[in-house]
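According to the working numbering, the stretch in the sequence shown is residues 150 to 222, in order.
Glycine included, each C-beta is placed from N, C-alpha and C at the ideal position.
Source: prediction; values computed, not measured.
Read the structure below first, then the notes.
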Amino acid sequence: NFAAHGGFCSVNMAAGGLYTIGGSFWEFGEPDWDNTRYFMLFGVAEDHDSNPIKIGLGKLKGRGVKVVSINPC
150 NFAAHGGFCS VNMAAGGLYT IGGSFWEFGE PDWDNTRYFM LFGVAEDHDS NPIKIGLGKL
210 KGRGVKVVSI NPC
């Protein structure tokens, strides 16, 4: 969450999307929620994601997908 002025800024979400799936979630797609078997989160504010990410995480958890969060602090 150091790409912009705060942990809630959309720039942080865009940077994360660029590093992981090649683009920001709201402009260039999203993770493949239906076929994901292992999901990794990187950052220091994992609980402050946008609503589409929260909905996607709910789908993953509902299917029993392994979710790992890496917090560098």
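Task: Beta-carbon contacts of residue 187 that lie in its chain and below 6 Å, excluding the five residues immediately before and after - done: 215
Task: Counted within 10 angstroms of its Cβ, other Cβ atoms place residue 205 as buried (16 or more) or exposed - done: buried
Open item on the list: With H, G and I counted as helix, E and B as strand and the rest as coil, what does DSSP make of residue 202?
Closed with: helix
- [ ] Just tell me which of 209, 191, 179 and 207 has its CA closest to the CA of residue 218.
- [x] 191
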